[in-house]
Every structure is written in C-alpha cells, then in structure tokens.
Amino acid sequence: MSSKAIFTVNEHGYYGNFGGSYIPEMLYPNVEELREKYLQILNSAEFQKDYNHLLRDYVGRPTPLYLANRLSEQLGANIYLKREDLCHTGAHKVNNTVGQILMAKALGKKKIIAETGAGQHGVATATVCALMGLECIVYMGEIDTQRQRPNVERMKLLGAEVRPALSGSRTLKDATNEAMRHWINNPADTHYIIGSVVGPHPYPDMVARLQAVISKEIREQLKEKTGNELPDYVVACVGGGSNAAGAFYHYLDEPSVKLVAVEAAGKGVHSGESAATTALGKPGILHGSKTILMQTEDGQVTEPYSISAGLDYPGIGPFHAHLFDSKRADFLAVTDEDAMQAGVNLSKTEGIIPAIESAHALSALQQMKFKSDDVVVVNLSGRGDKDLETYIKWGGY
610 MSSKAIFTVN
620 EHGYYGNFGG
630 SYIPEMLYPN
640 VEELREKYLQ
650 ILNSAEFQKD
660 YNHLLRDYVG
670 RPTPLYLANR
680 LSEQLGANIY
690 LKREDLCHTG
700 AHKVNNTVGQ
710 ILMAKALGKK
720 KIIAETGAGQ
730 HGVATATVCA
740 LMGLECIVYM
750 GEIDTQRQRP
760 NVERMKLLGA
770 EVRPALSGSR
780 TLKDATNEAM
790 RHWINNPADT
800 HYIIGSVVGP
810 HPYPDMVARL
820 QAVISKEIRE
830 QLKEKTGNEL
840 PDYVVACVGG
850 GSNAAGAFYH
860 YLDEPSVKLV
870 AVEAAGKGVH
880 SGESAATTAL
890 GKPGILHGSK
900 TILMQTEDGQ
910 VTEPYSISAG
920 LDYPGIGPFH
930 AHLFDSKRAD
940 FLAVTDEDAM
950 QAGVNLSKTE
960 GIIPAIESAH
970 ALSALQQMKF
980 KSDDVVVVNL
990 SGRGDKDLET
1000 YIKWGGY
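Throughout, my numbering is defined as the position within the sequence shown, counted from one, plus 609.
Now the structure itself:
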C-alpha cells in the first residue's frame, strides 16, 4: 500500500474496477477534449498562478484547522475540524468551481452548466460565472429547490438561471440527468462543471485534484500544531464524495491514517428510505462511469432518500467505490435523526452550526472508539445557514 497509484486513477480513467467513460456518442468530443487537455492545463504555470491567487484572495484559503476542545472532551480524543464552512460561499464546493472556470476559459468555452443538490455547488458555480462574466444555467431537482430555497435565491442574485428538474424523484440524480441532456444539445460552446467526483473520466480525477488542497493544508496545519502531519483518522461525509476525496487525497498512501467515509442512512439503512450506497448498492453505470449504486434486481436506479439534499444521491463516485472495494476506507452510515442531533450538539458545544451533510460526519464519531491521544480530523464541509429551515422543522433543540 506504499504507492498512491493503487488508489488514484490510471491512464484509462479507472480506479481499480471503477470509473471509465460511459457516455453518448454526442458527448464524446467534449469529454475527449477535456481528457486530452486537463492535466496539461492543471499543471501549467499560468493555471497554478491564477488558481492559487483565487484560492487565497477570493476563496479565503487556507481555511483554519480548529481543535474543538469541548467536543474533544465529549468524545475522549483530539477532534480537529477542517473549517471548509469558512470558504467564500460557505462550503468546499468553490475549490472546484474556481478551478473549473479557469479550465473552461482555457478551453475557450463561453457558457457554463451545472447540477446541484443542496445548492452549494450551484451557488459556487454561479459565483465564479459572475466573477468571470460567463453565462450560467444550474439544474436543480424541484424538491431541492423547495428545501434549499435560500440557495436558489442566491444563484439568481448572482445572475444564474435555475432550471428545476421535474422528472423522477426531482432531486440531484434528475438534475444531473437534465444537465447531461443540455450538454448533449450544446456541446461546442458549453462546459459542464460537475460538482462532485462523479461522471465520466476525467471528471472524478479533475475534481479530486482541485479539492486535494484540503488535505494538503491539513498536513501542513497538523505539522504546525502537533509536530506530526499524520492524524489517526480523517472523517468526511460522502454523497458523490468531493469533500471526502479532497480530505483523503494526500493521505491515500499513508496506511497508518484511517479514512472514514460517512453515508446517509436516512430513516435507517434498510428502511427503504436511505442513501447508504455501499451498504445497499452493487456495481453498475451511473452518470457516465462504472461505480457502486443503489439499483433494483433488473438494474433500475433506486430512489435515494436523505434529510440532507447534498447526500441524497443513489451512488458514490468511482474514487470512493474503489476505496470501499479495496478496504482502504471504512464506510459508516448515519440516520437523519443522529445527524440532526450531531448538528445541534456542535452548535451548542462549539458555536458552529454545520451543514446537515457535515453533521453526518460528526455523528459518525459516536460510532467510533478512540484512545485519548488519538488525533481525529473531521472535514466540516459546509455551514448550516442553508439548512436553518430543516433544523427549525426538526426542532430537536
């Protein structure tokens, strides 16, 4: 397990048995253009200069690594929170959109489309389109537009058009379907900013590389605070999985660091209302890649459920499917109820209201056994402003 190559993508776009590019012929030129050029653009001096400048002066990086003293006392370990909630726009999503808007400009694209669940990726996409003066259309499931209304209004204020997806479960999966259809019909001038480590190659790898700034900073900050770059655990929630990919990336080839991915169990893993993909899913094709997804016996995608719009997805990205398959990461599942309690607990214990997605990662700590000197990093992927209505309705505080 000494080589990161075991866990990162190969030249064919696969992580072990997962990944690839399963796309309609009409999209082939777009995806192929991106595949041929993305590493060259990402590694260019000009891209790195512009990207690092925007991360520092626009996004507000590096984000703090905060030792949560009262939470640490509760759990009997040293719990550090990686404060992605303090990024501009309120979540980690902007790390990726800042990079992809620079990618789109390098490719000469004039229009941007995106899909969003919780709305954070949509807001982050609308934000960078406003910054760069590019047209922006965001697809969002109709149900998500209702439960994440403040983010819909933010996107509109930033100049984006929000198009509700009215098919299927009217959530993230369907928004992704609609965005893909749009791209098929407008391939020449449009770049699709995918918000997670999902989709056809090279998207999972590109998004993981752009989010890897999270674990790069964690290593530097832990060294400064503890004298050791390597924690005992890194914990992050997983829907598609971009915040977890970013938090895990620079620890993939460090076997002493336990990686813990936390999925949404909804009303219970086996309740029929869940999004615990690794517990319920099997290999199949979803949104352009081979991965693990929830499906019926005859291969129809099962409708996922979670109180958290950002984890309400029937699959995980191929990056995570391979981490699960190879046992490099442990996958836990957390119910709505337990996640909400963990969100309220952090609010009252540390004065930080987390996104409900991040609250799933916090709740998983209750399932884990720690030694008193363990160093645990939880990726606090977003802030809870967008979820205030859900917290209020739940009312358990």
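Glycine is no exception: its CB is placed at the ideal position from the N, C-alpha and C atoms.
Confirm, please, whether the CB-CB distance from Leu636 to Pro809 is below 9 Å.
The residue given as residue 809 occupies position 200 in the sequence shown. The residue given as residue 636 occupies position 27 in the sequence shown. Taking 9 Å as the cut-off, the Cβ atoms of Pro809 and Leu636 count as close.
With Val843 and Ala942 assumed to form a contact (beta carbons below 8 Å), what rounded beta-carbon distance in angstroms separates them?
As a first step, residue 843 must be located in the sequence shown, where it is residue number 234. As a first step, residue 942 must be located in the sequence shown, where it is residue number 333. Actually they are not in contact, since the Cβ atoms of Val843 and Ala942 sit about 18 Å apart, beyond 8 Å.
Per the DSSP calculation, Ser898 is bridged to which residue(s)?
As a working mapping, residue 898 is identified with position 289 in the sequence shown. For Ser898, the pairing in a beta bridge is given by DSSP as Leu895.
Distance between Arg828 and Gly622 (C-alpha atoms, nearest Å)
Here residue 622 refers to the residue found at position 13 of the sequence shown. Here residue 828 refers to the residue found at position 219 of the sequence shown. Put simply, the backbone Cα of Gly622 is about 27 Å away from that of Arg828.
What residues match up with Asn988 in a beta bridge as DSSP calls it?
Taking the first residue of the sequence shown as position 1, residue 988 is located at position 379. Note: Asn988 sits in a beta bridge opposite Lys691.
Give the straight-line distance between the Cα atoms of Ser865 and Met741, rounded to the nearest whole angstrom.
Position 256 of the sequence shown holds residue 865. Position 132 of the sequence shown holds residue 741. When the Cα atoms are used, Ser865 and Met741 turn out to be separated by approximately 42 Å.
Between the stretch 781-788 and the stretch 649-665, are three or more C-beta pairs nearer than 8 Å?
No, the stretch 781-788 does not touch the stretch 649-665.
Suppose you measure from the CA of Leu767 to the CA of Tyr914; what does that come to, to the nearest Å?
By 1-based counting over the sequence shown, the position of residue 767 is 158. By 1-based counting over the sequence shown, the position of residue 914 is 305. The straight-line gap from Cα to Cα measures roughly 29 Å.
What residues are listed by DSSP as bridge partners for Ile722?
Position 113 of the sequence shown, counted from the start, is the residue given in the question as residue 722. Note: Ile722 sits in a beta bridge opposite Ile746 and Tyr801.
Among Val910, Val847, Gln757 and Thr944, which one has its Cα closest to the Cα of Phe928?
Indexing the sequence shown from 1 puts residue 928 at position 319. If we check each option's Cα against that of Phe928, Val847 comes out closest.
Can you list, in chain order, the residues of its chain with a C-beta nearer than 6 Å to that of Gln729? Leave out the 5 residues immediately preceding and following it.
Taking the first residue of the sequence shown as position 1, residue 729 is located at position 120. In the same chain as Gln729, and ignoring 5 residues on each side of it, the C-beta atoms closer than 6 Å to its own belong to Ala700, Lys702 and Gly991, in chain order.
Contact criterion: CB-CB distance below 9 Å. Does Leu889 meet it with respect to chain D?
Among the protein chains of the structure shown there is no chain D, as only one such chain exists.
Using the three-state DSSP reduction, which class does Asp939 fall into: helix, strand or coil?
Counted from its first residue, the sequence shown places residue 939 at position 330. Asp939 falls in the strand class under three-state DSSP.
Take the Cβ of Pro633 as the centre, count every other Cβ of all protein chains shown within 10 Å, and call the residue buried at 16 or more, exposed below.
As a position in the sequence shown, residue 633 is number 24, starting the count at 1. Pro633 should be labelled exposed.
Own chain partners of Gly669 with C-beta closer than 7 Å, once the 5 adjacent residues on each side are dropped:
Position 60 of the sequence shown, counted from the first residue, corresponds to residue 669. For Gly669, where only same-chain residues beyond five positions count, the Cβ hits under 7 Å are Leu695, Cys696 and His697.
Between Tyr624 and the rest of its own chain, which residues show a CB-CB distance below 6 Å, the 5 nearest in sequence each way excluded?
Looking up residue 624 in the sequence shown gives position 15. Only Val618, Pro927, Phe928 and His931 meet the Cβ criterion.
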